[in-house]
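One structure is given here, and the rest of the page talks about it.
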Amino acid sequence: MRRMSFGQATVDATRFAMREDDRVVVLGEDISWGGNFGQFRGLVDEFGHDRVIDMPISEAIIMAVGVGAAVTGLRPVASMSFVEFTLGAMDEIVNQAAKFRYMFGGQVSVPLVLRASDGVLRSSAGQHSSSLEGLFTHLPGLKVVAPSNPADAKGLLRAAIADDDPVVYLENKRITAKRGPVPVGDHVVPLGSAAVRRRGTDLTIVTYSVMALHAEKACSELTGMGIEAELIDLRSLVPLDLDTVLSSVARTGRVVVAHEAWEFGGFGAELVAAITVEVFDRLRAAPVRVGAAQAPIPFSPPLEGAVVPGADEIVAAAREVMGLI
Amino acid sequence: MRRMSFGQATVDATRFAMREDDRVVVLGEDISWGGNFGQFRGLVDEFGHDRVIDMPISEAIIMAVGVGAAVTGLRPVASMSFVEFTLGAMDEIVNQAAKFRYMFGGQVSVPLVLRASDGVLRSSAGQHSSSLEGLFTHLPGLKVVAPSNPADAKGLLRAAIADDDPVVYLENKRITAKRGPVPVGDHVVPLGSAAVRRRGTDLTIVTYSVMALHAEKACSELTGMGIEAELIDLRSLVPLDLDTVLSSVARTGRVVVAHEAWEFGGFGAELVAAITVEVFDRLRAAPVRVGAAQAPIPFSPPLEGAVVPGADEIVAAAREVMGLI
Amino acid sequence: MSLTETMSPGLALSIHRTMVRIRVFESRVEQLFKAGELPGFVHTYIGQEAIAAGVCSALNRDDYITSTHRGHGHAIAKGMELGPIMAELYGKETGACRGRGGSMHVADFSVGMLGANGIVAGGLGIAAGAALSARYRGTRQVAVGFFGDGGINKGTFHEALNFAATHRLGVVFVCENNQYAQFTSRLRTTAVEDLSVRASAYGIPGVTVDGNDPSATYHEALEAVARAREGGGPTLLNMETYRFGGHYVGDAEVYRESAEVEARRWADPIVRWERTLTDEGLMKDGPREAVWAEAAEEVSAAVRFAETSPYPEGGTALEDVFTGATAVPATGRA
Amino acid sequence: MSLTETMSPGLALSIHRTMVRIRVFESRVEQLFKAGELPGFVHTYIGQEAIAAGVCSALNRDDYITSTHRGHGHAIAKGMELGPIMAELYGKETGACRGRGGSMHVADFSVGMLGANGIVAGGLGIAAGAALSARYRGTRQVAVGFFGDGGINKGTFHEALNFAATHRLGVVFVCENNQYAQFTSRLRTTAVEDLSVRASAYGIPGVTVDGNDPSATYHEALEAVARAREGGGPTLLNMETYRFGGHYVGDAEVYRESAEVEARRWADPIVRWERTLTDEGLMKDGPREAVWAEAAEEVSAAVRFAETSPYPEGGTALEDVFTGATAVPATGRA
Ligand SMILES: Cc1ncc(C[n+]2csc(CCOP(=O)(O)OP(=O)(O)O)c2C)c(N)n1
Ligand SMILES: Cc1ncc(C[n+]2csc(CCOP(=O)(O)OP(=O)(O)O)c2C)c(N)n1
Ligand SMILES: [Mg+2]
Ligand SMILES: [Mg+2]
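Residue numbers (the working numbering), protein chains in the order written: chain A, 1 to 325; chain B, 326 to 650; chain C, 651 to 984; chain D, 985 to 1318.
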């Protein structure tokens, strides 16, 4: 184990993959300078400009070139820095990358990772603060991961690069600089396996990405109130480790689903729906959702705080599902 | 009342709006020739090329020009024919149209309608068959409607054009040619009002767009089995008339949510989640969802039929929620 | 200069054969579609055969092409068998894409045909990516991105050309300028008359070519392909042609006079090429007819193959969303 | 030719005043940001003042501009008051956008400033739409779309220019070519050296301009604006300049040598313009210093205004997602 930041852990994983397999190349804006969040720092020194490719501000072509390279023998990792910029490449992500294998009858795989930074960070305002996993998870052909800590950041990026399908790798901006212990050398976290962060019997909290950190805090507070929550960090949204979720909820009978993305039509809706459909008879109370209020993310701190949830909202939701509010 | 097709009804609504308000202009590819589905037929003859503007194959600029025109005094109706082409304009739809009013502090409105044809129609395959309302409904700042019949097609388009905010108007390809009675003259269906198509006491079916037609058929079959379903055609997804849904489900205690879009993470997930959260205690059985299986829409008819649901799937879901399966 | 000084008789005849195979294939497709035999919708390549045939003759088997919604001609010219293409149009399990893709998504990666594509200009960045990959792997493969006069106004055209030009990638961008995008004349939507001028925005060669003359399409492609292969970067070829049929089969064609179509018939690339071959003494009537007859037989065989092939099983509909062992339903539960 | 033959002294001095106001405003913003007074992140306009000041001097108050992430200079030059801009940067209720937008989304529709925009090249199509609207309404308003050398490679640049050119809309596309996009030199990502050549792809005039000379920026803009106003269609102006600061305040600037920055200082547009005005006898030391002092006072007042203004109430966070009476939460329940 070595302590490093989430961002460094992703550099570690990428370096490992690039050393292991020379088909791995990375594409993105400003990445030879390390990228907007240092997620590519140092790679160009070791691997050169043929493998660490500075792209023009042409998001559509970053993805299209990724697809073209992926289906002809490379394993590209494409970067969009802010997740909102993926919207300029949505056609390539959805109509090409996600559908290529299926619509061509399984002739090819598209081993491509799309990295994008999401979430709020200190008032970045409407076009630089969104969390868009709800879009990607709905679209068949894409895998989607959203780690919450440096060790998972490394392990999931390794798994994503090793995967033969397009994987959207979402890294929350607020945790990119957060440090934690990371296994040295190779470290893989398989896609589709949730982590139970905390055992508890009163309710289950299902979450991922930065919200998993808020939830840890919420769980401590809840303990102080005599409530023991089981905390599940999904890590991977597609494929989704629903079994882990269901067996926990079947035990606790109560569930809070939390994410930073907008609540309405968000991934939490899918979680609540799937849980309700599958273990309805075990539910002792209505599930409660925590997510952003339905507004573009505002700039001003008091407004941002009002729209985007954190630990307090999880605590309140937990108390609600426990029937205490 | 006059019988006309869904498509003709939209022409009717547009003509009415254009006569009434000369700020209304329409923008799209091939629209002076009527558009891909005849949704603009005849308009250029009456209103000329200054108001019926043939656009290059530049989806991003269709939307951006729409935004620029909308915030400087016009009321554009932009067309994307197939809804998948909106993916090439997603940045303009989400980062500009939807956020403009909010992020500029309410200085302007963006009175803009985005029309797009969705759904499967006779093997149009992976890039011409999707239903993407699950994307639009998640994103704050967009209103979303999806009528199921010619009268609503007219009334909702009138309301959408009259609305001061961006409205995504989704017209299912399979029903564009379907005929029905349409009120002559002005006819408005307010955004945010669901229609109860059928009263019933055993369960509630919540749906919209083409699925509302499949559901009518399903209801008849269910009657034959002694099951009386209440059928709610939402018509408008944002704003959503949740009150109508909840009061029905509170009565019946059982609900089937159905759409043609992919089930996983689809708008149905939001509906199930909202219903469960709000009227949990009134639910007598787990809600059941009907939606497309999680694959790009395949070309071959037997495969398309296997992925995309219809009346049979609604009947099966209704029987399941009734505990008969 | 006579044709034989610039092109071997064998090549000239092979291009002829390819054009005829495309024409006969597409005419049959039109018939079959009108007869209700084919699901979906189809866009035929009739009138543009000299482009696919000429350009693909300048390519090696392992070179790449990306295609469009109007892709049957490219598929045939790049070396796909007719049977699997036709079976794909029928939606059969024996189709090139196991019936998953249909007319707009015909592909065969084993011959470098990286897919017809239903998104206008959708193939251009993919071609650039394939060229980047070839450069990286050191294979000297070239990629051709076919697109239309409508596609030239799509943002991806710009992004792809700028990227390919900056990196001097081995791509040839072939604009099949058939004068219309769906129902709309290019003159109504495009700021320049001569589309080849757009090359100058990227500092690359841009050439306007008689797209109905296989000698011209072949030679211009050959030059561009050679440059691409040698690291000289991309080229934009604006190949002027005309779409004899509707945008899709069934198109009522209200947007153009039939007189306009008729006036263009003089330039039918196959008629012209046959006249050239005959004039140059490379082809006699007998062999000419044999080519058509052979193509008709081949197409009939393809139809028989398609007709007698089974449809895919509905139960296989969720295969290949993801790759092999990693395939998982979204729920993570098998 | 002396300056006074081409520009009135009043205008020359007014441009100077605008440039100084921008410079002083931005320098204070830099300080404030470093002191932790401002949320978010800020991109300053220092070094590029001659462009906003010159171009906007060629516009009427009711003409439109669309701006970029680096938009304070445009906002000031187009006539926004400094107080509401500064308050917006603080996230205060009295900000131009009531604190909802912040630095990257400063806007004032009442002076035709249609918004700074955090999406690179995001304003170009919006400018085209505004010009279409002006044409339709018959107002003769012109729209200027500002963007950067990085933005020129975005697909929307292509789509916007093609559309505007096809319809001969009254748009002026002003590329502020400051040599870098974030950390990356334009030479690494762009296929052509002289960005003005891209105009030829749309059959419109393209001119490279010394973007640090207000006389040049003003006169080229004036010509383009006049053409736009008269129905002569769009122009692409490539205004060469240099960003003296980092991409954003706090940028470590590892991607360029400080010697490079220093070498560019000779071209500081304000220093140059002051020298010209002095040489031409239009300005003396006293009045020059007064302009700076006045600007400093104005900026201080703006800071005081911002500092003493209240933050928005958290409870108002859901206002203005939708318009007035039609505003509804997604659930349809108030
Ligand atoms: C992004 C996108 N926009 C619109 C369409 C609808 N569409 C299909 S073909 C076509 C016209 C294409 O014209 P062109 O590029 O000239 O090719 P051609 O059909 O003439 O071969 C259009 C608009 C599409 N498939 N993709
Ligand atoms: C679509 C999009 N892609 C990427 C970014 C991130 N980004 C912000 S500014 C910038 C560089 C812009 O360069 P240029 O257009 O030259 O403007 P400058 O910053 O030099 O004024 C980038 C890449 C963005 N904001 N939008
Ligand atoms: Mg065409
Ligand atoms: Mg720049």
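Beta carbons are placed, not taken as given, at the ideal position from N, Cα and C, and that holds for glycine.
field: DSSP state of Asp490 (chain B) mapped onto helix, strand, coil
entry: Translated into the one-based positions of the second sequence, residue 490 (chain B) becomes position 165. Under the three-state reduction of DSSP output, Asp490 (chain B) falls in the coil class, being neither helix nor strand.
task: Drop a sphere of 10 angstroms on the beta-carbon of Leu1210 (chain D), count the other beta-carbons inside from all chains shown, and report buried for 16 or more, exposed for fewer.
output: The sequence position of residue 1210 (chain D) within the fourth sequence is 226, counting from 1. Contrary to the premise, residue 1210 (chain D) reads as Ala rather than Leu in this sequence. Residue environment: Ala1210 (chain D) is assigned as exposed (fewer than 16 neighbouring CB atoms within 10 Å of its CB, all protein chains considered).
field: Distance cut 6 Å, beta-carbon to ligand 4 heavy atom: residue list by chain order
entry: Those residues, listed in chain order, are D:Gly1132, D:Asp1133, D:Gly1134, D:Asn1162, D:Tyr1164, D:Ala1165.
query: Would the beta-carbon of Thr718 (chain C) be found less than 7 Å away from any heavy atom of ligand 1?
result: As a position in the third sequence, residue 718 (chain C) is number 68, starting the count at 1. A distance criterion of 7 Å places the beta-carbon of Thr718 (chain C) in contact range of ligand 1, judged by its closest non-hydrogen atom.
message: I want to see whether chain A comes within less than 8 Å of Asn420 (chain B), judged by CB atoms only; does it?
response: The count along the second sequence starts at 1 and reaches residue 420 (chain B) at position 95. Chain A contact via Cβ: present.
field: Bounding residues of the beta strand (DSSP E) (the contiguous stretch that carries Gly219 (chain A))
entry: By 1-based counting over the first sequence, the position of residue 219 (chain A) is 219. According to the sequence displayed, residue 219 (chain A) carries Cys and not Gly. For Cys219 (chain A), no beta strand (DSSP E) run applies; the uninterrupted alpha helix (DSSP H) run containing it begins and ends at 210 to 224, by DSSP.
message: I need the straight-line Cα distance from Ala1318 (chain D) to Pro564 (chain B), nearest angstrom please.
response: Looking up residue 1318 (chain D) in the fourth sequence gives position 334. Looking up residue 564 (chain B) in the second sequence gives position 239. Reliability of the predicted coordinates at Ala1318 (chain D) is poor, the pLDDT of 38 falling under 50, and no value is obtained from them.
- prompt: Where does Pro734 (chain C) sit, in a helix, a strand or coil, going by DSSP?
  reply: Locating residue 734 (chain C) in the third sequence gives position 84, counting from the first residue. In the three-state DSSP reduction, Pro734 (chain C) falls in the helix class (H, G or I).
Beta-ladder partner(s) of Gly856 (chain C), from DSSP: For the purposes of this step, residue 856 (chain C) is taken as residue 206 along the third sequence, with counting starting at 1. Note: Gly856 (chain C) is bridge-paired with C:Leu886 in the DSSP secondary-structure output.
message: Suppose the cutoff is 8 Å on Cβ atoms and the five residues either side in sequence are ignored; what does the same chain contact list for Val336 (chain B) look like?
response: Reading the second sequence from its first residue, position 11 is the one you call residue 336 (chain B). The residues are Gly363, Gln364, Phe365, Arg366, Gly367, Leu368.
query: Roughly how many angstroms separate the alpha carbons of Ala311 (chain A) and Leu213 (chain A), rounded to a whole number?
result: For the purposes of this step, residue 311 (chain A) is identified with residue 311 of the first sequence, where counting begins at 1. For the purposes of this step, residue 213 (chain A) is identified with residue 213 of the first sequence, where counting begins at 1. Their Cα atoms are separated by approximately 8 Å.
- request: Closer than 6 Å by C-beta to Ala1100 (chain D): which residues in its own chain qualify, once you throw out the five before and the five after it? Chain order, please.
  value: Locating residue 1100 (chain D) in the fourth sequence gives position 116, where the first residue counts as 1. So the qualifying residues of the chain are Ser1051, Gly1055, Met1088, His1089, Val1090.
Three-way DSSP call (helix, strand, coil) for Tyr892 (chain C) in this model: Position 242 of the third sequence, counting from 1, holds the residue named residue 892 (chain C). Coil.
- prompt: Listing by chain order, which chain D residues have their CB less than 9 Å from the CB of Ser850 (chain C)?
  reply: Here residue 850 (chain C) is taken as the residue at index 200 of the third sequence, counted from 1. Val1176, Val1181, Arg1182, Ser1184, Ala1185, listed in chain order.
- prompt: Going by the C-beta, is Arg838 (chain C) closer than 7 Å to any heavy atom of ligand 6?
  reply: Absence of ligand 6 is noted for the structure shown, with ligand 1, ligand 2, ligand 3 and ligand 4 being the only ligands found.
task: Taking Leu688 (chain C) as the reference, give the member of C:Gly749, C:Gly788, C:Arg711 with the closest Cα.
output: Working through the third sequence from its first residue, we reach residue 688 (chain C) at position 38. When C:Gly749, C:Gly788, C:Arg711 are compared, the shortest CA-CA separation from Leu688 (chain C) is found for C:Gly749.
message: Using a Cβ-Cβ cutoff of 9 Å, what residues of the stretch 70 to 81 of chain A are near chain C? List them in chain order.
response: Within the stretch 70 to 81 of chain A, the residues whose Cβ lies closer than 9 Å to some Cβ of chain C are Ala70, Val71, Thr72, Gly73, Leu74, Pro76, listed in chain order.
- prompt: Should His1053 (chain D) be flagged as near chain B, meaning a C-beta pair shorter than 8 Å?
  reply: As a working note, residue 1053 (chain D) is residue 69 in the fourth sequence. Chain B contact via Cβ: absent.
query: For chain D, is any of its Cβ atoms less than 8 Å away from the one on Phe683 (chain C)?
result: Sequence index remark: in the third sequence, residue 683 (chain C) carries index 33 (1-based). So no, Phe683 (chain C) is outside the interface.
field: Amino acids of chain B, ordered along the chain, whose beta-carbon sits closer than 8 Å to that of Val627 (chain C)
entry: The structure shown does not extend to residue 627 (chain C), since chain C is modelled only from 651 to 984, so the question has no answer here.
- prompt: Do Ile1049 (chain D) and Cys1040 (chain D) have their CB atoms nearer than 8 Å?
  reply: Along the fourth sequence, read from residue 1 onward, the residue named residue 1049 (chain D) stands at position 65. Along the fourth sequence, read from residue 1 onward, the residue named residue 1040 (chain D) stands at position 56. Yes, they are a contact pair.
- prompt: Which residue's Cα is closest to the Cα of Thr72 (chain A): A:Arg101, A:Ala60, A:Thr86?
  reply: The residue labelled residue 72 (chain A) in the question sits at position 72 within the first sequence. Ranking the options by Cα distance to Thr72 (chain A), first place goes to A:Arg101.
field: Inter-stretch contact (C-beta, 8 Å, three-pair minimum) for the stretch 258 to 267 of chain A and the stretch 286 to 296 of chain A
entry: Short answer: they touch.
message: So with CB distances below 7 Å, who are the chain D contacts of Val272 (chain A)?
response: On the first sequence, position 272 is the one that residue 272 (chain A) refers to. Neighbours of Val272 (chain A) on chain D: none; closest Cβ ~15 Å, over 7 Å.
message: Pull the bridge partners of Val822 (chain C) from the DSSP assignment, please.
response: For the purposes of this step, residue 822 (chain C) is taken as the residue at position 172 of the third sequence. As a beta-bridge residue in DSSP terms, Val822 (chain C) pairs with C:Val794, C:Thr885.
message: Can you check which of these residues, B:Ala599, B:Ile378, B:Ala620, is closest to Pro287 (chain A) by C-alpha distance?
response: Within the first sequence, numbered from 1, the residue matching residue 287 (chain A) stands at position 287. Among B:Ala599, B:Ile378, B:Ala620, the Cα nearest to that of Pro287 (chain A) is on B:Ala599.
- prompt: What residue does the beta strand (DSSP E) around Ile468 (chain B) start on, and which one ends it?
  reply: The residue given as residue 468 (chain B) occupies position 143 in the second sequence. Correcting the residue type first, residue 468 (chain B) is Lys in the shown sequence and not Ile. Run containing Lys468 (chain B): 468 to 470, per the beta strand (DSSP E) assignment.
message: I need the boundaries of the beta strand (DSSP E) containing Gly185 (chain A), first residue and last residue.
response: Taking the first residue of the first sequence as position 1, residue 185 (chain A) is located at position 185. From DSSP, Gly185 (chain A) is part of no beta strand (DSSP E); its letter is neither H nor E.
field: Within-8 Å CB hit, Gly517 (chain B) to chain A
entry: Taking the second sequence and counting its residues from 1, the one referred to as residue 517 (chain B) is at position 192. It does not; no Cβ of chain A falls within 8 Å.
message: Taking only three categories from DSSP, how would you classify Gly973 (chain C)?
response: Position 323 of the third sequence, counting from 1, holds the residue named residue 973 (chain C). The sequence shown places Thr at residue 973 (chain C), rather than the Gly named in the question. In the structure shown, the three-state DSSP call for Thr973 (chain C) is coil.
message: Please list, in chain order, the residues of the stretch 807 to 839 of chain C that have any C-beta partner in chain B closer than 8 Å.
response: Listed in sequence order: Ala831, Gln832, Phe833, Thr834, Arg838, Thr839.
DSSP-derived helix/strand/coil call for Ile378 (chain B): Translated into the one-based positions of the second sequence, residue 378 (chain B) becomes position 53. In the structure shown, Ile378 (chain B) sits in a strand (DSSP, three-state: E or B).
task: Kindly examine ligand 1 and report whether one of its heavy atoms sits closer than 7 Å to the Cβ of Ser406 (chain B).
output: Working through the second sequence from its first residue, we reach residue 406 (chain B) at position 81. Checking every heavy atom of ligand 1 against the Cβ of Ser406 (chain B), one is found closer than 7 Å.
query: Quick one: is Arg524 (chain B) near chain C, going by C-beta distance under 8 Å?
result: The count along the second sequence starts at 1 and reaches residue 524 (chain B) at position 199. Answer no: the Cβ-Cβ gap between Arg524 (chain B) and chain C never drops below 8 Å.
task: Leaving out five residues on either side along the sequence, give the residues of the same chain with a beta carbon under 7 Å from the beta carbon of Thr1310 (chain D).
output: For this step, residue 1310 (chain D) is matched to residue 326 along the fourth sequence. No answer about Thr1310 (chain D) holds up, because its pLDDT of 46 lies below 50 and its placement is not dependable.
task: Run the CB neighbour count on Thr885 (chain C), radius 10 Å, all protein chains shown included, and call it buried at 16 or more, exposed below.
output: Here residue 885 (chain C) is taken as the residue at index 235 of the third sequence, counted from 1. With 16 or more neighbouring CB atoms inside 10 Å of its own CB, Thr885 (chain C) falls in the buried class.
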